[in-house]
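2 protein chains.
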Amino acid sequence: MPLELLRTPPPKERADAARNRIAVLEAAGRLFAEHGVEAVSMDQVAAAAGVGKGTLFRRFGDKAGLAAALLDARERVLQEAVLHGPPPLGPGAPAERRLDAFVDAYVDYLLEHLALVRMSETASPGARYRIGAYRFWHRHLTILLAGTADPEYAAHAVLATLAGEHVGALLSELGPERIRAGARRLARAAL
Amino acid sequence: MPLELLRTPPPKERADAARNRIAVLEAAGRLFAEHGVEAVSMDQVAAAAGVGKGTLFRRFGDKAGLAAALLDARERVLQEAVLHGPPPLGPGAPAERRLDAFVDAYVDYLLEHLALVRMSETASPGARYRIGAYRFWHRHLTILLAGTADPEYAAHAVLATLAGEHVGALLSELGPERIRAGARRLARAAL
DNA sequence: GACAGTAACGGACCGCAGTCCGGTTCTGCA
DNA sequence: TGCAGAACCGGACTGCGGTCCGTTACTGTC
Chain V
1 MPLELLRTPP PKERADAARN RIAVLEAAGR LFAEHGVEAV SMDQVAAAAG
51 VGKGTLFRRF GDKAGLAAAL LDARERVLQE AVLHGPPPLG PGAPAERRLD
101 AFVDAYVDYL LEHLALVRMS ETASPGARYR IGAYRFWHRH LTILLAGTAD
151 PEYAAHAVLA TLAGEHVGAL LSELGPERIR AGARRLARAA L
Chain C
1001 MPLELLRTPP PKERADAARN RIAVLEAAGR LFAEHGVEAV SMDQVAAAAG
1051 VGKGTLFRRF GDKAGLAAAL LDARERVLQE AVLHGPPPLG PGAPAERRLD
1101 AFVDAYVDYL LEHLALVRMS ETASPGARYR IGAYRFWHRH LTILLAGTAD
1151 PEYAAHAVLA TLAGEHVGAL LSELGPERIR AGARRLARAA L
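These protein sequences, in sequence, are chains V and C.
Under the working numbering, the first sequence has 133 at position 133, and the numbering climbs by one with no breaks.
Here the working numbering runs 1000 ahead of the position in the second sequence, where the first position is 1.
Listed below in structure tokens is the structure:
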């Protein structure tokens, strides 16, 4: 399957459903920013959005899904840059440089939205590996790592070092710069 | 701090406390084996052990702690082999061979107790990085990886590929053998 | 062996994520 | 414009992990 098609297509929805989706995302974004992702319950989000709890869960599945939806816009910018942006992040540069550029960009993204990313990855077991964004990055890395012994495994391994849980735990111990440098070094070593 | 001291010392406890600890571990082990870790609630464990819920939580902290306690005996065997066992797992072999031996042994351990390990790592956020066992393995790998640019980071990275969540998600996609081979390859690449 | 002090006990209690289903609202079609 | 049926709504409900605190039972001392 080509990389393009792994990007989630927007499903057609009824007018009231769209209105509610926007209300929920706005309320959730505001509450999360104000009190922190962990401290806000789904009841509070539903109440603030003026929406029933059932609606909230039917649309987003669980708290991880809501976090993923909030990250979606931000992540699409990154995906777009990888697909059609200028090198070295976009196509045209050698794999080694694209790998560096990807790790840098992804670490930036991660550090900026760490709490939300952790929530999107850990709220339900295995959530991280199911969402479309993960499959997208995995595919991208598999292509960049073509030629190694097992590119699919190597891609998973590089992403493992970029998991929100992992980076979050290492942040206080090593600081952002060692994390960034280490992830670059490991990705190159995998190549 | 020397590697030896990272092993959790057994705290002295009152007679009734010891009795209850054993009753809980037995009941939990039986229930988990019978119904699966996910499907058993802490209330059920407490009831089966003939113990109050408060007792259960005071002793083990949370469900992750209970899982970790159940794994403890098994993990100590591995730790013992690394500290004082024969090479290449124990001391005496070159770092590269010890690294391979460690990855092999740890993957064996992981595949045998995957559900329990996942529970011990994911029940509360960051739990994996707090438990003594993680610090032990991290220390061991840091020593084996001495000489690389950032041994501490590299050790964390190798452990990231051995996280229960990660291996569990990859298992159905890649199968155990590619996971084992990939982890070995990555650990060598980090060296 | 009795006693005081303290560590451990246990179950009622809380807030949360997630489910269910009777009622409501929208939309495509005639 | 009126209608039929599907899609959506919402809040009461469930079971869970985790906490709290009045009660109980162990242990070291005299």
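Beta carbons: idealized from backbone N, C-alpha and C, even for Gly.
Taking a beta-carbon distance threshold of 9 Å, His1166 (chain C) counts as an interface residue toward chain V.
With contact defined as three or more Cβ pairs closer than 8 Å, the stretch 1119-1129 of chain C and the stretch 1047-1066 of chain C are in contact.
Look at the stretch 1014-1043 of chain C: the residues with a C-beta under 9 Å from a C-beta of chain V are Glu1038. Listed along chain C are Leu1174, Arg1178, Ala1181, Gly1182, Arg1185, each with a C-beta nearer than 9 Å to that of Asp150 (chain V).
Interface criterion met: the Cβ of Thr1161 (chain C) is under 9 Å from a Cβ in chain V. Beta bridge pairing from DSSP links Pro1091 (chain C) with C:Ala1093.
For Ala1190 (chain C), the nearest CB of chain V lies under 9 Å from its own CB, placing it at the interface with that chain. Taking each of C:His1035, C:Ala1028, C:Ala1033 in turn and checking the Cα distance to Ala1047 (chain C), the smallest one comes out for C:Ala1028. A distance below 9 Å separates the beta carbons of Arg1098 (chain C) and Leu1144 (chain C). At a cut-off of 9 Å, the C-beta of Gly1132 (chain C) has no neighbouring C-beta in chain V.
Contact check for Ala115 (chain V) against Trp137 (chain V) fails: the beta carbons are separated by 9 Å or more.
Excluding sequence positions up to five before and after Leu1056 (chain C), its CB lies within less than 8 Å of the CB of Val1024, Met1042, Val1045, Ala1046, Ala1049, Leu1066, all in the same chain and listed in chain order. For Pro1086 (chain C) and Ala1093 (chain C), the gap between their C-alpha atoms comes out near 9 Å. With respect to Arg74 (chain V), Tyr109 (chain V) sits close: the two C-beta atoms are nearer than 9 Å.
Of the candidates V:Glu38, V:Val77, V:His35, V:Asn20, V:Asn20 places its Cα closest to the Cα of Phe60 (chain V). Inclusion of Leu191 (chain V) and Thr122 (chain V) in the CB contact set at 9 Å is not warranted, their separation being larger than that value.
The C-beta distance from Leu89 (chain V) to Ala101 (chain V) rounds to 4 Å, short enough to fall under 8 Å. When rounded, the separation of the alpha-carbon atoms in Leu70 (chain V) and Glu1080 (chain C) is 46 Å.
At a cut-off of 9 Å between beta-carbon atoms, Leu1170 (chain C) makes contact with chain V. Excluding residues up to 5 positions away in sequence, Val107, Val167, Leu170, Leu171 lie with their Cβ nearer than 8 Å to the Cβ of Ile179 (chain V) in the same chain. By alpha-carbon distance to Arg1135 (chain C), the top candidate from C:Ala1146, C:Met1119, C:Glu1152 is C:Glu1152. Listed along chain C, no residue sits closer than 8 Å to His140 (chain V) by beta-carbon distance, the nearest being about 17 Å off. Counting only runs of 4 or more residues that sit fully inside the stretch 1064-1130 of chain C, the alpha helix (DSSP H) segments are 1095-1112, 1114-1122, 1127-1130, in chain order.
Within the same chain, and ignoring the five residues on either side of Glu165 (chain V) in sequence, the residues whose Cβ sits closer than 8 Å to its Cβ are Arg118, Glu121, Thr122. Ala1068 (chain C) is outside the set of residues whose beta carbon lies under 9 Å from a beta carbon in chain V. Cβ-Cβ distances below 8 Å link Glu13 (chain V) to Arg21 in the same chain, with the five nearest sequence neighbours on each side left out; the list follows chain order. Within chain V, the C-beta atoms nearer than 7 Å to that of His1156 (chain C) come from Leu170, in chain order. In the structure shown, the three-state DSSP call for Ala146 (chain V) is coil.
The beta carbons of Asp150 (chain V) and Gly1182 (chain C) sit closer together than 9 Å. Ala1157 (chain C) sits away from Leu141 (chain V), with the two beta carbons spaced by 9 Å or more. For Arg1118 (chain C), the neighbours in chain V by C-beta distance under 8 Å run, in chain order, Pro125. One Cα belongs to His1035 (chain C), the other to Gly1052 (chain C), and the distance between them is close to 21 Å. Distance from the Cα of Phe32 (chain V) is smallest, within the candidate group V:Ala68, V:Ala17, V:Ala15, for V:Ala68. In the three-state DSSP reduction, Gly1036 (chain C) falls in the coil class, being neither helix nor strand. About 5 Å separates the beta carbons of Ala1160 (chain C) and Thr161 (chain V), which is inside the 8 Å limit, making them a contact pair.
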